[in-house]
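In the UniProt record's numbering, the protein residues as written are 1 to 335. To start, the structure under review is shown below, and the notes come after it.
The structure is reproduced here in structure tokens:
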């Protein structure tokens, strides 16, 4: 089996965006707006159409079997509104993901968005973890290291304010993918500099913290190939050495990297630097990069092709990346 650990519902029916647009309009008029959760009226047929013509079609064309599926990352929008509007929006998004997985149980499994909001205690996201895992069968969460949307004025992932989330993750044995949302700071391009910078920043925050000492069983996924981390592994080793610890010993029992890297040499670098046991197959389709690479004639995000074409890994190592590592990290995955 080939499991894609990083998929988002980027093709939601129009009513989903319309609900969010109304929320945004209300909070633009009154930042303290609470309102009601309300409803998003989407039929099963609309969901089927949105998936069959998009993610499911690409699964079949590219030879993958299962996608670990979460709400659209750029739409999490934790910087929009307040903790109440974020809570309502998050619940709706997670409910939609559950519906997708119920309609396509052999193709998709659910991961949750959290209702984070700037200045709000991260512990307030714990009830949504409980709801989605205990009541809805979710197998992981996405954790935003910067709910401000590019201003980075909140606590580090190493801060103890995140410990209630880590405690619940260890209790349930679920991983978190470190994933920011859209950037509201014009200095950052959302899917370019903001995403990749956040991956690197999240890694740095965790490696310099006591989180993995305090939570030795914690499992964290750094997406998009780890941002700058593999390319600058020597820099991070040197920084760790300066601080008196060994980088591999500090992070490689807890941190994993996905393969959302969109060219062969980039994937080859990742596979060369990071131990195979710490790499999970992913494509992020349909996501940040949707076009065809004119140099290869194939889609940039057809990442299975890059793993297949690597000439260094053994067949067993490739299968670890495609399936076995992901099952180990997402221990609640039973398909």
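Each residue gets a CB set at the ideal place from its N, CA and C atoms; glycine is no exception.
Which term fits residue 284, buried or exposed, when burial requires 16 or more other beta carbons within 10 angstroms of its beta carbon? buried
Kindly list the residues whose CB is nearer than 8 angstroms to the CB of residue 157, restricted to its own chain and excluding five residues on each side of it in sequence; keep chain order. 143, 145, 178, 202, 205, 206, 209, 211
Find the nearest neighbour of residue 106 within the set 240, 190, 60, judged by alpha-carbon distance. 60
Of the residues 55, 315, 47, the one placed nearest residue 102, counting alpha carbons only: 47
Any idea which residues DSSP pairs residue 177 with across the strands? 142, 221
Which residue's Cα is closest to the Cα of residue 306: 16, 294, 267? 267
Pick from 29, 216, 316 that is closest to residue 171, judged by C-alpha positions: 216
According to DSSP, simplified to helix, strand and coil, what is residue 231? coil
For the segment 270-278 against the segment 229-242, are there 3 or more C-beta pairs whose distance is under 8 angstroms? yes
List the endpoints of the continuous alpha helix (DSSP H) containing residue 211. 211-214
Which one of 26, 323, 42, 37 has the shortest CA to CA distance from residue 14? 42
Closest by CA to residue 25, which one among 69, 50, 80, 66? 80
Residue 12 to residue 239, Cα distance in whole Å? 43 angstroms
In the DSSP assignment, what are the bridge partners of residue 257? 222, 279
Taking Cβ positions, are residue 27 and residue 69 nearer each other than 8 angstroms? no
Are residue 74 and residue 181 close, meaning C-beta to C-beta below 8 angstroms? yes
Integer Cβ distance of residue 110 from residue 97, believed to fall under 8 angstroms: 5 angstroms
Would the beta-carbon of residue 325 fall within 8 angstroms of that of residue 277? yes
C-beta contact flag for residue 84 and residue 150 at 8 angstroms: no
Report the CB separation of residue 19 from residue 92 in whole angstroms; it is logged as a contact under 8 angstroms. 7 angstroms
Taking only runs of the beta strand (DSSP E) that begin and end inside the segment 33-60, which ones reach a length of at least 3 residues, in chain order? none
Can you tell me whether residue 114 is helix, strand or coil according to DSSP? coil
Return the residue from the list 303, 38, 88 that minimises the CA-CA distance to residue 62. 303
With DSSP run on the structure shown, which of helix, strand or coil describes residue 333? coil
Taking only three categories from DSSP, how would you classify residue 326? helix
Cβ-based neighbour list, residue 292, same chain, cut-off 7 angstroms, excluding 5 preceding and 5 following: 298, 299
If you follow the beta strand (DSSP E) that residue 194 is in, where does it begin and where does it stop? Residue 194 -> no beta strand (DSSP E), and no H or E assigned at all.
Alpha carbon to alpha carbon, how far is residue 294 from residue 136? Give it in angstroms, no decimals. 42 angstroms
Tell me whether residue 175 is buried or exposed, calling it buried when 16 or more other Cβ atoms sit within 10 Å of its Cβ. buried
Under the three-state DSSP convention, the category residue 108 falls into: strand
Exposed or buried, residue 221, counting other C-beta atoms within 10 Å across all chains shown (16 or more means buried)? buried
Can you grab the Cα-Cα spacing for the pair residue 237 / residue 154, in whole Å? 26 angstroms
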